[in-house]
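Have a look at the structure below before the remarks.
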Amino acid sequence: MKRLAGKKNREMEFFELKTQYRRIEKQIKKSIESVFESGSFILGENVSLFEKEFAEFENAEGCVGVASGTEAIQIALQANGIGKGDEVITAANTAVPTVSAIECAGARPVLAEICIESYTIAPEKIEEKITEKTRAIVPVHLYGRSCDMKPILEIAEKHSLKVIEDCAQAHGAIYNGKKTGTMGNAGCFSFYPTKNLGAYGDAGAIVSNDKKIIEKAGMMRAYGEKKRHESEISGMNSRLDELQAAMLRVKLKHLGKWNDLRRKKAAFYGKLLEKSGLALPEEKSSAGHVYHLYVARAGKRDLFREKLLEKGIPTAVHYPKPVHFHPAFRYLGNKAGDFPNAEKACSQVVSLPLYPELPNEKIEFACEKIIETMKQNPNSFETK
Ligand SMILES: Cc1ncc(COP(=O)(O)O)c(C=O)c1O
């Protein structure tokens with residue numbers, strides 16, 4: 016590496032939101048103030064406008080703002096008629112909330128194997144999981160990379176299954192020219208603060224091209240009401256609030272630019288680590304990655320992370336255990352060895368620092384330390 020990073024650039028954080036906040040502080044404060052001035056805090060103008068603007072961004076017919084990504088999945092499933100007695104197939108390496116949402120909808124989660132290159136559900140492993148009770152597939156666009164949707168949609172069509180896309184990590188990701196979230200029956204987003212589009216608290220949304228689903232989900236998130244004090248269907252309280260919607264409207268304007276920055280920084284990592292021996296994220300033009308996370312794979316991953324931390328490089332793991340290794344999901348009846356790719360991925364994945372404001376000098380510094388660590392520990396961390 017030509018330029019040695021200065022001291023300031025050696026202070027790495029895995030992730031931070033303050034720099035972004037400083038850059039949009041005035042707009043955020045103005046948006047908060049306008050909500051307080053309006054005196055309207057629940058299902059007001061900002062929620063309606065955000066729903067319209069986010070639907071436009073995602074090229075969807077409609078959008079319903081809800082309280083979290085988990086409830087977005089739950090409501091989307093229920094709005095599609097899925098509940099008690101039904102089985103829903105999803106990826107064995109997903110974040111736990113995908114599975115919790117399926118349970119909250121009343122259905123039984125059924126785990127399926129993943130592709131080791133993409134970390135997303137392996138289409139060829141789905142059909143063997145289908146029973147007469149299967150009603151839906153929840154493909155998870157993990158880390159910001161689209162699942163291979165064409166075969167998934169074909170399987171769904173063949174077996175009359177619904178497809179509810181988990182887009183919690185994939186705002187703006189594109190598969191063969193289509194936005195993730197718009198290919199199945201509904202797409203579910205989380206606006207947890209660290210997401211590519213993050214609120215300042217919990218928030219989520221459902222998008223769909225089916226107006227009936229949008230209408231139903233809109234009722235379900237507010238006690239099943241179409242008009243005040245008249246519940247037409249069963250529902251709950253999962254409203255996106257005006258303050259979060261107002262702040263999300265500010266941030267949505269920057270999302271395209273932030274996603275571009277994430278892609279550029281990921282490409283920079285890719286260039287610097289090309290010969291490192293780590294397995295790097297697979298780039299496929301059809302999968303329109305938005306790099307919510309930059310996830311590599313290393314052998315002896317935990318030791319690798321310790322060595323990097325000693326050199327000042329913080330990393331994270333998304334996620335250390337596949338779903339069936341959690342005590343809460345033992346009842347599903349899966350055992351170690353059932354999903355070799357998911358299990359291998361969970362034992363090797365390591366997320367490197369990546370966010371739109373991360374200076375390139377820090378990426379250079381991190382890569383310098385990674386390569387140094389690999390050289391100091393030959394035949395230890397290579398996965399390629
Ligand atoms: C893949 C995935 N699905 C679902 C969720 C749930 O979103 P939330 O935390 O907003 O409920 C998350 C959030 O962490 C996620 O990463």
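The letter at position 287 of the sequence shown is residue 302 when you use the working numbering, and the numbering goes up by one with no holes. In this text, a Cβ means the ideal position worked out from N, Cα and C, and glycines have one as well.
Status (buried if at least 16 other CB within 10 Å, exposed otherwise) for residue i
{"i": "Asn191", "result": "exposed"}
{"i": "His341", "result": "exposed"}
{"i": "Ala20", "result": "Only weak support exists for where Ala20 lies, its pLDDT of 48 falling under 50; the coordinates are left without a value."}
{"i": "Lys210", "result": "buried"}
{"i": "His304", "result": "buried"}
{"i": "Ser161", "result": "buried"}
{"i": "Ser83", "result": "buried"}
{"i": "Tyr53", "result": "Looking at the sequence shown, residue 53 is not Tyr but Ser. So Ser53 counts as exposed."}
{"i": "Asn61", "result": "buried"}
{"i": "Gly348", "result": "exposed"}
{"i": "Ile248", "result": "exposed"}
{"i": "Lys322", "result": "buried"}
{"i": "Thr195", "result": "buried"}
{"i": "His244", "result": "exposed"}
{"i": "Thr34", "result": "exposed"}
{"i": "Ile351", "result": "It is Ala, not Ile, that sits at residue 351 in the sequence shown. That one is exposed."}
{"i": "Glu66", "result": "buried"}
{"i": "Gly327", "result": "exposed"}
{"i": "Tyr346", "result": "exposed"}
{"i": "Leu369", "result": "buried"}
Residue i - containing beta strand (DSSP E), residue span
{"i": "Lys177", "result": "Lys177 to Asp181"}
{"i": "Ser205", "result": "Ala201 to Ser205"}
{"i": "Glu376", "result": "It is not in any beta strand (DSSP E) - Glu376 instead sits in the alpha helix (DSSP H) that spans Asn375 to Gln391."}
{"i": "Val310", "result": "Tyr309 to Arg312"}
Straight-line gap, residue i to residue j (C-alpha atoms, nearest Å)
{"i": "Glu297", "j": "Ile136", "result": "15 Å"}
{"i": "Met16", "j": "Glu383", "result": "Residue placement at Met16 is poorly supported in this model, since its pLDDT is 41, which falls under 50; the coordinates still yield a value, given next. Approximately 7 Å, taken between the alpha carbons."}
{"i": "Glu132", "j": "Ile57", "result": "43 Å"}
{"i": "Asn166", "j": "Val178", "result": "The identity of residue 166 in the sequence shown is Pro, whereas the question assumes Asn. If you take the alpha carbons of Pro166 and Val178, they lie about 12 Å apart."}
{"i": "Ala232", "j": "Asn108", "result": "27 Å"}
{"i": "Glu142", "j": "Arg37", "result": "49 Å"}
{"i": "Arg18", "j": "His333", "result": "Any reading at Arg18 needs caution, since the residue's pLDDT is 46, under 50, leaving its predicted position unreliable; the model's value is listed next. Looking at the two C-alpha atoms, the distance is approximately 31 Å."}
{"i": "Ser395", "j": "Lys315", "result": "7 Å"}
{"i": "Phe380", "j": "Pro208", "result": "26 Å"}
{"i": "Glu230", "j": "Leu318", "result": "50 Å"}
{"i": "Leu293", "j": "Asp353", "result": "25 Å"}
{"i": "Tyr306", "j": "Glu31", "result": "16 Å"}
{"i": "Ile117", "j": "Pro335", "result": "21 Å"}
{"i": "Pro393", "j": "Lys279", "result": "30 Å"}
{"i": "Glu376", "j": "Glu172", "result": "48 Å"}
{"i": "Ser8", "j": "Pro154", "result": "Because the chain here runs from 16 to 399, residue 8 falls outside it and cannot be looked at."}
{"i": "Val81", "j": "Arg236", "result": "7 Å"}
{"i": "Ile228", "j": "Ala201", "result": "8 Å"}
{"i": "Thr113", "j": "Met27", "result": "31 Å"}
{"i": "Thr85", "j": "Ser205", "result": "7 Å"}
{"i": "Glu387", "j": "Lys299", "result": "29 Å"}
Residue i, enclosing alpha helix (DSSP H) - first and last residue
{"i": "Ser83", "result": "Neither: Ser83 is in no alpha helix (DSSP H) and is coded neither H nor E."}
{"i": "Arg264", "result": "Glu257 to Leu288"}
{"i": "Ala360", "result": "Pro355 to Gln363"}
{"i": "Asp317", "result": "Arg316 to Glu325"}
{"i": "Leu168", "result": "Met164 to Lys173"}
{"i": "Pro112", "result": "Val111 to Cys119"}
Bridge partner(s) assigned by DSSP for residue i
{"i": "Ser246", "result": "Glu240"}
{"i": "Glu298", "result": "In DSSP, Glu298 forms no bridge with anything."}
{"i": "Glu372", "result": "Paired residue(s): none; Glu372 is not in a bridge."}
{"i": "Val125", "result": "Ile104"}
{"i": "Ile57", "result": "Asp256"}
{"i": "Ser223", "result": "Gly77"}
{"i": "Val155", "result": "Asp181"}
{"i": "Lys9", "result": "This structure leaves residue 9 out entirely; the chain is present only between 16 and 399."}
{"i": "Leu367", "result": "Tyr309"}
{"i": "Ala137", "result": "Ala137 pairs with nothing; no bridge assigned."}
{"i": "Thr149", "result": "Glu102"}
beta-carbon residue i near ligand 3 non-hydrogen atom, thresh 7 Å
{"i": "Ser161", "result": "Summarising the ligand content, the structure contains ligand 1 and does not contain ligand 3."}
Chain C contact for residue i (CB, 8 Å cutoff)
{"i": "Glu257", "result": "The structure shown contains no chain C; it is built from a single protein chain."}
- Evaluate contact between the region 207 to 225 and the region 251 to 260, counting only Cβ atoms and requiring at least three cross-stretch pairs below 8 Å. yes
- Using 8 Å as the threshold, is the region 67 to 75 in touch with the region 89 to 102, meaning 3 or more CB pairs across them? no
- Count the CB pairs spanning the region 352 to 365 and the region 242 to 258 that are closer than 8 Å, and state whether there are at least three. no
- Query: Counting pairs of Cβ atoms below 8 Å between the region 170 to 189 and the region 263 to 276, do you hit three or more?
  - Reply: With the cut-off at 8 Å, the region 170 to 189 and the region 263 to 276 touch.
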